[in-house]
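Undergrad: Letter by letter, the sequence shown follows residues 1 to 254 of the numbering used here.
This is the structure I want to talk about, given as structure tokens.
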Amino acid sequence: MNAQQDQLPLSGRRAVVTGASSGIGRATARALAAAGANVHLVARRKERLLELVEELGACASCSAADVRDAEAVSEIFDGQSYDLVVANAGLGKGVAPLHEGDTDDWADMIDTNVKGVLHTARAALPALRAAGHGDLVLLGSVAGRQVYPGGNVYNASKHAVRAIYEALRLDEFGSGIRFTTVDPGLVETEFSLVRLGDQDAADRVYDGMTPLTPEDVADAIRYAVTRPPHVNIGEIVLWPTEQASTRDVHRNGH
Ligand SMILES: NC(=O)c1ccc[n+]([C@@H]2O[C@H](COP(=O)([O-])OP(=O)(O)OC[C@H]3O[C@@H](n4cnc5c(N)ncnc54)[C@H](OP(=O)(O)O)[C@@H]3O)[C@@H](O)[C@H]2O)c1
1 MNAQQDQLPL SGRRAVVTGA SSGIGRATAR ALAAAGANVH LVARRKERLL
51 ELVEELGACA SCSAADVRDA EAVSEIFDGQ SYDLVVANAG LGKGVAPLHE
101 GDTDDWADMI DTNVKGVLHT ARAALPALRA AGHGDLVLLG SVAGRQVYPG
151 GNVYNASKHA VRAIYEALRL DEFGSGIRFT TVDPGLVETE FSLVRLGDQD
201 AADRVYDGMT PLTPEDVADA IRYAVTRPPH VNIGEIVLWP TEQASTRDVH
251 RNGH
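Quick look at the structure:
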């Protein structure tokens, strides 16, 4: 067999991607659909989801839902048999030092990045357990491995994602389900606009360097979920070549 080929085809698989209206989630939905999966898209902005459903055609469907709402997430999975779930929905809000932090921003990050992932995993697990196989991919971040100034609550939320990944591996040991955490460095998406609230400030995050694209991250996810069933790619850390740590970015050759 050609080592470059996917060894576990995605045709016939039923995927859910949260945060599919933008960035990494949208690119992942496209990559999974292109590889043959049926994809159910989840995010709050329904218009965006409907546009992507139209683009992807018969292999796609969508639910407008907020992952902070446990009941709404549970309804998406109710009576379904999804066997590939990408818990990607997430955000950063603000870069203030802790003592100046906005507690509404904190709630947004913790409720989306931590509780949203928990809601998604909890709702997805019964069908995965019943099937005895399947993939649950979590979007962590290098921010869940290294903290940086002003990162405080976002860092804490992504460290929590890493803990949830490790907990799932232990709790579901023997179930046949594979768990993966995908932890990228700088990826150019709407993330920085959402975090900073200003397009110029968002553009400066990627100024003078080449960030990862959402397609780079989607490709890593596609790779993980197409390995043979006995192989679980557990942790993927992707850095832009010009980023050495969460604090060291090579810009304009410096
Ligand atoms: N960009 C980076 O540099 C980077 C690096 C490492 C990790 N990440 C992680 O990658 C993931 C995707 O981010 P991205 O970079 O692709 O950013 P993005 O372009 O802003 O996309 C974020 C997605 O999450 C969805 N979302 C946010 N809050 C939600 C909620 N409460 N309920 C449902 N969906 C929600 C958004 O959709 P709606 O607004 O339509 O709901 C959107 O589809 C996040 O978990 C982020 O923390 C990003």
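Think of the CB as a built atom: it goes at the ideal place given N, C-alpha and C, for glycine as much as any other residue.
Bear in mind the structure is a predicted one, so any value in this text is a computation, not a measurement.
I233 by DSSP, collapsed to three states: which one?
TA: coil
Undergrad: Look up V42 in the DSSP assignment and give the residues it is bridged to.
TA: T18, S63
Undergrad: Please specify which runs of the alpha helix (DSSP H), each continuous and at least 4 residues long, are wholly inside the stretch 54-125, giving them in chain order.
TA: 70-77, 103-109
Undergrad: Please list the segments of the alpha helix (DSSP H) lying wholly inside the stretch 168-215, counting only runs of 4 or more residues, in order along the chain.
TA: 191-196, 199-205
Undergrad: Beta-carbon separation of V39 and L32 under 8 angstroms?
TA: yes
Undergrad: What are the boundary residues of the beta strand (DSSP E) that includes L10?
TA: Where L10 is concerned, there is no enclosing beta strand (DSSP E), given that its DSSP letter is neither H nor E.
Undergrad: What does G134 pair with, by DSSP beta-bridge criteria?
TA: I177
Undergrad: Check each candidate in G12, R14, L84, K93 and name the one with the smallest Cα separation from L193.
TA: K93
Undergrad: Can you grab the Cα-Cα spacing for the pair R247 / L186, in whole Å?
TA: Approximately 11 angstroms, taken between the alpha carbons.
Undergrad: Between S255 and ligand 1, is there a pair consisting of the residue's CB and a ligand heavy atom that are separated by less than 7 angstroms?
TA: Because the chain spans 1 through 254 in this model, residue 255 falls outside it and cannot be assessed.
Undergrad: Tell me which same chain residues have a C-beta within less than 6 angstroms of the C-beta of T28, skipping the five on either side of it?
TA: V17, V86, A218, I221
Undergrad: Rounded to a whole number of angstroms, what is the C-alpha to C-alpha distance between L118 and E235?
TA: 18 angstroms
Undergrad: In the DSSP assignment, what are the bridge partners of Q243?
TA: BP columns for Q243 point to V249.
Undergrad: How about the stretch 172-183 and the stretch 122-138: do they share at least three Cβ pairs that are nearer than 8 angstroms?
TA: Yes, the stretch 172-183 touches the stretch 122-138.
Undergrad: With C-beta atoms as the reference, is P211 less than 8 angstroms away from P240?
TA: yes
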